[in-house]
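Its first residue numbered 1, the sequence shown is counted upward by one per residue in full-length UniProt numbering.
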Amino acid sequence: MRASRSKAYLPHDPFFQQLRKTATSNFDSALSFANHLGMFSEEVASSGEQIGNMPQAFSHLACVSAAMNLGGDR
Numbered sequence: 001m002r003a004s005r006s007k008a009y010l011p012h013d014p015f016f017q018q019l020r021k022t023a024t025s026n027f028d029s030a031l032s033f034a035n036h037l038g039m040f041s042e043e044v045a046s047s048g049e050q051i052g053n054m055p056q057a058f059s060h061l062a063c064v065s066a067a068m069n070l071g072g073d074r
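Below, the structure is given as structure tokens:
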């Protein structure tokens, strides 16, 4: 089977579905560190307070990329 055809069957694989659930859960946990505007700071203190420089461009880029990858087959 060609690789391009096998991609169509991937979302129906039980292992892939569990992996997607775990990734979505981890993504939701990461979003909990954003402030009320959805921005990420450089660091988060153990108290949950955001410290350091804000906003972090590469963090936002990675967040948007992850959201697009997780939402592609929904």
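Cβ atoms here follow ideal geometry from the backbone N, Cα and C, with glycine treated the same way.
C-alpha gap between residue i and residue j, whole angstroms
i, j, result
"N69", "S47", "31 Å"
"L61", "F15", "28 Å"
"F58", "L37", "16 Å"
"G71", "Q56", "23 Å"
"T22", "N35", "23 Å"
Residue i burial status per 10 Å Cβ neighbour count (16 or more: buried)
i, result
"M1", "Note that M1 scores 47 on pLDDT, short of 50, meaning its location in the model is unreliable and no value can be drawn from it."
"F40", "buried"
Beta-carbon proximity list for residue i, same chain, < 8 Å, skipping 5 on both sides
i, result
"V44", "F33, Q50 and I51"
"T24", "L70"
"N53", "S41 and E42"
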